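Read top to bottom, the protein sequences are chains A and B. Using the working numbering, the first residue of the first sequence is number 48, and each one after it goes up by one. Using the working numbering, the first residue of the second sequence is number 450, and each one after it goes up by one. Below: the structure, in structure tokens.
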Amino acid sequence: MRRTYTLVQVAIALLDNGSERHWGYELSKQSGVRSGVMYPTLQRMLDEGWLTDGWEDQSPSGRAKRPPRRYYELTDEGKAALGAVLAEARRDVRFAPLVARQAAWGHC
Amino acid sequence: MISLTFQTLTWPTLMAALLIWGFAPGAVLRVIVLLFPKDDPRRRELLGELYAVPRPERPFWVIEQLEVGLFEGLRHRSGRKKAVWPMAAPEAGEEGLPFGAELVVETVGIGYRGPTACAAAGITYRQLDYWARTGLVEPSALAVQGSGVQRLYSFRDILVLRIIKRLLDTGISVKQIRAAVAHLHGRSTDDLASVTLMSDGLSVYECTSPDEVVDLLQGGQGVFGLALGRIWQEIGRTLAELPAERADGRRDEQPPPSW
């Protein structure tokens, strides 16, 4: 995938809590990427093998009216690849404001 | 001009539009997702996501999905047609044949269209399209159709697609898979049937005899194995029920599914 501003934004959001399930809407809120760009980006990461997806379990919530949501999990490959993306971004002036913000998150 | 605007934008229509958009974004979204191909998980995904979006934001969120639907959904639909109907004919001798010429002879002009290849390999059209664009697996069989040449997936292509799918499912990295596929390219199709791919989840190893499999297992490097001969049979059985294309452009019995 091309190293775009969006990709770095999504990488930061995904790596912020690397082990958990990620949800599309929350990811777009957290990273500041428009949802219209977020879902295609996630799809490309799936194709690349960086993410796996699944559908939430419906039963426990009991609200059967709502369709199940799709979630994404980072694969080991994805963690390595996105880590590399971030490492690259740190050396790139274009991404400086993004990476600085991520460092701030890392402290809290 | 002004009178025209006033005529279409009468109070009842404006109210109806506001009501539908503002209070029933779900209904609007249900129409929008129809832009995506039928098997696209995005259809279900977006419907599920809508309920995670706070109510006041929903109409705006739905508009964004309309934008994506128009550009992505329709592109994939039209991309599908492009893959099915003849593309520019590659020059003979050019790198249009990734697996080497002997393969086209082997498949005796039988090839399968994209959707059929997807069904037999158990992958989505998006994956097929993506892998073709990134050069992982490209359609290697050629069929004459009208004035052009159509590129189709050969039996071997589908076998490779299936192998990739199985490896991906077990969490092997795409990098490793690319390496394994590049390695398999050098093998003749007959050889492939006797290969067992072993993996420890990180690397992929090729075994051509039971002894090698045992060696790997003893070394702790084989956690899971793929006997290509078995996959071969599976695909053969699946493909027997799906439509094939012939090199001379005539169709086999059933027409391919219309998209």
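Heads up, the beta-carbon is just placed ideally off N, CA and C, and yes, glycines get one too. None of these values were measured; they are calculated from a predicted model.
Within the 8 angstroms Cβ cut-off, does residue i reach chain A?
i, result
"residue 521 of chain B", "yes"
"residue 581 of chain B", "no"
"residue 576 of chain B", "yes"
"residue 543 of chain B", "Note that residue 543 of chain B has pLDDT 36, beneath the 50 cutoff, so the model's placement of it is unreliable and the number below is only indicative. No - not a single Cβ of chain A is within 8 angstroms of the one on residue 543 of chain B."
"residue 556 of chain B", "Residue placement at residue 556 of chain B is flagged as unreliable, the pLDDT there being 41, under the threshold of 50; the coordinate-derived value follows with that caveat. Judged by the 8 angstroms Cβ criterion, residue 556 of chain B is not in contact with chain A."
What residues match up with residue i in a beta bridge as DSSP calls it?
i, result
"residue 56 of chain A", "None, per the DSSP bridge assignment."
"residue 656 of chain B", "B:645"
"residue 72 of chain A", "Looking at the DSSP assignment, residue 72 of chain A forms no beta bridge with any residue, so it has no partner."
"residue 561 of chain B", "B:602"
"residue 591 of chain B", "B:600"
Please go through the same chain and pick out, in chain order, the residues whose beta-carbon is closer than 8 angstroms to the beta-carbon of residue i, but skip the five residues on each side of it.
i, result
"residue 619 of chain B", "648, 650, 673"
"residue 102 of chain A", "115, 116, 117, 118"
"residue 145 of chain A", "52, 55, 56, 59, 136"
"residue 481 of chain B", "495, 511, 514, 515, 518"
"residue 86 of chain A", "71"
"residue 474 of chain B", "499, 507, 508, 510, 511"
So, at 6 angstroms on beta carbons, what are the nonlocal neighbours of residue i in its own chain, with the 5 sequence-adjacent residues on each side left out?
i, result
"residue 580 of chain B", "586"
"residue 96 of chain A", "124"
"residue 491 of chain B", "485"
"residue 532 of chain B", "Since pLDDT at residue 532 of chain B reaches only 34, below the 50 mark, its modelled position is unreliable, and the value read off the structure follows with that caveat. Within the same chain, residue 532 of chain B has close Cβ partners 563."
"residue 92 of chain A", "98"
"residue 540 of chain B", "Because the pLDDT at residue 540 of chain B is just 36, under 50, the model does not fix this residue reliably, and the value given afterwards should be weighed accordingly. Result list for residue 540 of chain B: empty, nothing under 6 angstroms."
In three-state terms, what does DSSP make of residue i?
i, result
"residue 491 of chain B", "helix"
"residue 99 of chain A", "strand"
"residue 673 of chain B", "strand"
"residue 463 of chain B", "helix"
"residue 121 of chain A", "strand"
"residue 635 of chain B", "coil"
"residue 600 of chain B", "strand"
"residue 500 of chain B", "coil"
"residue 473 of chain B", "coil"
"residue 693 of chain B", "coil"
"residue 623 of chain B", "helix"
"residue 687 of chain B", "helix"
"residue 482 of chain B", "helix"
"residue 142 of chain A", "helix"
"residue 126 of chain A", "helix"
"residue 426 of chain B", "Residue 426 of chain B cannot be examined here, being either before or after the span of chain B that is shown, 450 to 708."
"residue 572 of chain B", "coil"
"residue 769 of chain B", "Nothing about residue 769 of chain B can be reported from this structure: the residues present for chain B run from 450 to 708 only."
"residue 50 of chain A", "coil"
"residue 91 of chain A", "helix"
"residue 81 of chain A", "coil"
"residue 104 of chain A", "coil"
"residue 114 of chain A", "coil"
"residue 67 of chain A", "coil"
"residue 518 of chain B", "helix"
"residue 651 of chain B", "coil"
"residue 668 of chain B", "coil"
May I ask whether a heavy atom of the ligand ZN can be found less than 7 angstroms away from the beta carbon of residue i?
i, result
"residue 678 of chain B", "By its list of ligands, the structure shown contains no ligand whatsoever, and the ligand ZN lies outside what it can speak to."
I want to see whether chain B comes within less than 8 angstroms of residue i, judged by CB atoms only; does it?
i, result
"residue 52 of chain A", "no"
"residue 49 of chain A", "no"
"residue 68 of chain A", "no"
"residue 77 of chain A", "no"
"residue 119 of chain A", "no"
"residue 101 of chain A", "no"
"residue 122 of chain A", "yes"
"residue 104 of chain A", "no"
"residue 56 of chain A", "no"
"residue 94 of chain A", "yes"
Near residue i, what residues of its chain come up, given a Cβ to Cβ distance below 7 angstroms and the 5 sequence neighbours on each side ignored?
i, result
"residue 70 of chain A", "116, 118"
"residue 478 of chain B", "495, 496, 499, 511, 514"
"residue 79 of chain A", "56"
"residue 573 of chain B", "488, 567"
"residue 665 of chain B", "647, 654, 656, 671"
"residue 84 of chain A", "53"
**Message:** To be precise: take each residue of the segment 490–519 of chain B, compare its Cβ to all Cβ atoms of chain A, and keep it if any distance is under 7 angstroms. Which residues remain?
**Reply:** 490, 491, 493, 494, 496, 497, 498, 500, 501, 502, 510, 513, 514, 516, 517
**Request:** Quick one: which residues of the segment 616–649 of chain B get their C-beta closer than 7 angstroms to a C-beta of chain A? List them in chain order.
**Result:** 617, 620, 622, 623
**Request:** Scan the segment 125–145 of chain A for residues whose Cβ lies nearer than 7 angstroms to a Cβ of chain B and list them as they occur along the chain.
**Result:** none
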